[in-house]
Every structure is written in C-alpha cells, then in structure tokens.
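To start, the structure itself, in structure tokens.
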Amino acid sequence: MAKTILVVDDSGTMVLSLKNNLEIAGFAVQTASDGVKGLERLKAGPKPDLIITDINMPNMGGIEFIGKARATPGFRFTPILVLTTESQQARRDEAKKAGATGWMVKPVAGADLLKIVKQVLPGA
Amino acid sequence: MRARQGWAARLGAMLPGRRARRGGGAAAGAGAGNRYGAAIDASLALDQEIGRKLDEAVGRTEASALAIMQQVRALCDGSAALTERLQQANADAGAFEDDVAHNVAALAHMERFLECLPARLQHDLDCISAIAGEVKSLSGLAENVEAISMQSHLLSINAAIEASRAGSAGVAFKVVADEVRVLAANSNAAAKRIGGSLGRIRATLTEGLEGNAARSADDLSDIAQATQAVTRMQASYGRCSGSYRAGLADMLEHGGALAAGSSDVLGQLQYQDVVRQCVERLQHAIARRNDALGQEFSGAAAPQPELLARLIGDIAADYLATETLHGGDAAAHDTGPAIELF
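So the protein sequences, as listed, match chains W and V.
Our numbering puts the first sequence at residues 1315 to 1438.
Our numbering puts the second sequence at residues 224 to 565.
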C-alpha cells in the first residue's frame, strides 16, 4: 500500500510540483492550501504518513500548524518536514521547537526531495 | 493559492489622503505638499502601473509553470505506461523463451534418437534378411521332399508290376504297393503346397525389405531437414531475442532518464514560487516607502525631511534584512543548510 503524504502550501506551483513528483515516485498525496485546511485534513483522515508544510501561509502559518498537528491525537510521531524559502537559523529553531522533523529550503530538486522523504519514511 | 492583495488596493489603503485629494480635486492644501502634489500623483500612477505589470508577470509565470507541470506529468505518465508495457512484454518474451528452450530440448532428444535410428533399422533389416535366408533353406527341403515322393511313386509302380508277375502270391504285396503310391502322391502334393507357401513368404519379405529400405531413406532425409530447420530457427530466435533485449534495455534506460529529468523539471519549476514571494516582498517595501512619502507630502503636517530619510532608510534595511533570510543567501551568517533533519 502506498504511503500517504500531506502537502500544505498556499502556492499552486509548489503544490503541483510536489504532488507530481511524489505521485510519480509512488506516493499517495493529499493537499491543503493553509494550516487551517491542513488541520481539517488531519482530522478528516485518512491519516498521512508524512507531512510537508510551508511556513508563510495565510490564515494559519506553518509553525502554528506544526504545533497544532503535534497536539492532534495520532500525530505525535508523524514526521513533519518544512519546505520554505526561509533559511535563517532562528526560524529553524522555532520549527524544531514546534515539532518539525526537518527543514528544506525552496526550491528542492526532485531527487533530493525523494531522498529525504525516504529517509524519514523507512520502507517507502 | 496565496491570497494576494492587489497593488493598487494596498496603495489606496496606505494613502487615503492622496486618494481623497485626487478624487476631490482639492489641490490647494496648506504646506509643502501642494508643491509636490502633481509629482506624487504621477509617481503613484507609475507605481500602480509597475505593480500591475508585476502582478501580471507573476500570474503568467504561475500559469505557465502549472501548464508545464501538467505537460511533464502527462509525459511521465505516458513513459510509465510504456515502461509497464515493456516490462510485461519482457515477461512474455521470457515465458516464450522458456517454451522455446523446452521444445529445443525435446527436439534435441528426438535428434539423438533419430541418429541411432538408422543403425536400429539396419539391425532389423539384417534380422529380416536372416529370416528370408532360413525360408530359402526350407524351400530347398520342400524340393527334397518332392523328389523323395517322386521316387516313392516310381518305386510303388515297380512294386505293383512285380506283384502282378508273382500272381496270387503277390496279391498282398500289390496292396502295399498301391498304398505306397497313394502316400507318394500325398507327399508330393504336401511338398508342392509347402514350397508354394515358402515362395510367397520369401516374395513378401523381399518386397517388404526393398520398400522399407526406400521409405527409411526418405524418412531419414526428412528428419535431417527438420532437424536443420529447428537448429536454424533456434539460432534465429537467439539473434532476435538478443536484439529485442538490447532494445528493451535501451528503452527502459531512456524511460528512467525521462522520469529523472521530469522530476528535476518539476523541482526547478518551484522557482516560480520563490520569485513570486520575492516580488511580493519587493512590492511590500515599495508600498511602505510610498506610505512614508504620502504622509510627508500630504500637507497635513509640517515637512520633516530628516525623519522621512530615516524612515525610508529603515524600510530599505528591513527589506534587505528580509531578503537575506530567504533563498539561502550565502552571505547571511545565521542560515543553515538547504536540507536539514533535526
């Protein structure tokens, strides 16, 4: 059964880029355009095996989304990767404190994306 | 999709004084602003036009990036379907190759049998020839029996003549002579029948041997041709299979390269989002500057050129600081690696 990945980003190009790359690699992909919709996805199911989220989004940003996702039952240990244009250490520390598993700076090459996804999703 | 605030709308919200003055045509305000009103209006109009064009450019690059991604995905899906069919064809070819190998093994077994067949046939022919020789010998014996019966017949005639000369004393002997003559006649008839049967058996054996030899030669020739045809077919299949496998390997390699290339293209298209965010930060900085200029030249307060200069300097510093935090600026000291697991 294919592993499921939830992509949370307000950019159509980012969502489509990630969705295509991940689907071609054999993953099932869910999408949400901001943190609020991302949380709704988590509660509605099916449960994703990995979450990839942007930081700067309307309604609810990535840091807040990560914190609330971690507080959602069943998602305490689900890997969450941040994918953003930001690269400063202070923001990384914020994300790490909120519960992020890793940090990627946009743009990320397809091969690099799949490599890190497989790293945090053993058996994928 | 990011809900972007329009350029003109942002400026309108930041500069209510200028909008109101322009709309009401009240150009005779107090202070220094009056002298710069037309220049600021022109500048704002230019900014609005530039902002509109930037928004259009972002929208166009986004639409283009989305279209490219859909096309790349279609190419990739087509390639994946082709690869799947090729792999199925490869599996089918493997099964066919197994069948061919099985059939070739069976033919090789048959070929070994056929190689031994001439010797076996010769052995059978030798056996039949030996039987024919024995039959010929028996024919000689039948002739001997026939000769004996002939002599017995002559002997019985002579005995009957001598019995007649002996008169009444030879009556009994005549009876014996008659019986011997009958026996000789019967023996002769039996010998003739045996000789006839043996003759027909010999003829049948001879005819069979000659026909069998001719048929065997034809059969062996056909078998040899069939074996050669199978050998040629096997070699031809081997060449065809090798060529097919090489082509298949090439196509699978190209399919893999296409998938990898497509993945890279999809990754590169993320630059559209990076550029869009860069444009948005630029627009935000310009809007802040216009707001400061608008406040200064609105005529609502006394001119404060030093404060305006410091304000615009702060806006520029903020903009540059924000830029260093995005896009992995190598000059920034507080940035980490592009990809990092915590």
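Just so it is clear, CB atoms sit at the ideal spot from N, CA and C, and this is done for glycine as well.
Please read all numbers here as calculations on a predicted model, not as lab measurements.
What are the boundary residues of the beta strand (DSSP E) that includes residue i?
i	result
MET1418/W	1416-1419
GLU563/V	562-564
ILE1394/W	1394-1398
LEU1320/W	1318-1322
GLN1344/W	1342-1346
LEU1364/W	1364-1367
Spell out whether any CB of chain V is found under 9 Å from the CB atom of residue i.
i	result
GLU1484/W	Coverage of chain W is limited to positions 1315 through 1438, which leaves residue 1484/W absent and any answer about it impossible.
VAL1431/W	no
LYS1420/W	yes
Are the CB atoms of residue i and residue j nearer to each other than 9 Å?
i	j	result
ASP321/V	THR1327/W	no
ILE1380/W	GLY1413/W	yes
LYS1420/W	THR1386/W	no
PRO1362/W	LEU1320/W	yes
LYS1317/W	LEU1428/W	no
SER379/V	LEU421/V	no
ALA561/V	MET1374/W	no
Nearest chain W C-beta to residue i closer than 9 Å, yes or no?
i	result
ARG244/V	Per-residue confidence for ARG244/V stands at a pLDDT of 39, beneath the threshold of 50, marking its modelled position as unreliable; the derived number appears in the next sentence. No, its Cβ sits nowhere closer than 9 Å to a Cβ of chain W.
ILE562/V	yes
ARG296/V	yes
GLY248/V	Confidence in GLY248/V is poor, its pLDDT being 33 and thus under 50, which makes the residue's placement unreliable; the coordinate value appears in the next sentence. Chain W contact via Cβ: absent.
ASP321/V	no
GLU338/V	no
GLY559/V	yes
TYR494/V	yes
LEU548/V	yes
VAL502/V	no
GLY479/V	no
Using the rule of at least 16 other Cβ atoms within 10 Å of the residue's Cβ for burial, across every protein chain shown, is residue i buried or exposed?
i	result
CYS299/V	buried
PHE1391/W	exposed
GLU1400/W	buried
GLN293/V	exposed
MET1315/W	exposed
GLU285/V	buried
VAL398/V	exposed
GLY247/V	Interpretation of GLY247/V is limited by its pLDDT of 33, a score under 50 that renders its predicted location unreliable; the figure taken from the coordinates is listed afterwards. So GLY247/V counts as exposed.
ALA365/V	buried
ALA251/V	Because the pLDDT at ALA251/V is just 34, under 50, the model does not fix this residue reliably, and the point stays unresolved.
HIS549/V	buried
PRO528/V	exposed
How many whole angstroms separate the CB atoms of residue i and residue j, which I take to be in contact at a CB cut-off of 8 Å?
i	j	result
ALA1383/W	ILE1366/W	12 Å between Cβ atoms; not a contact.
GLY490/V	SER1331/W	7 Å
ALA386/V	PHE396/V	4 Å
LEU481/V	ASN313/V	The Cβ separation is near 18 Å, so there is no contact.
Can you name the start and end residues of the alpha helix (DSSP H) that residue i belongs to?
i	result
LEU421/V	394-491
LEU548/V	Unbroken run through LEU548/V: none, as it is neither H nor E.
PHE1379/W	1376-1385
GLY1349/W	1349-1358
GLN495/V	494-519
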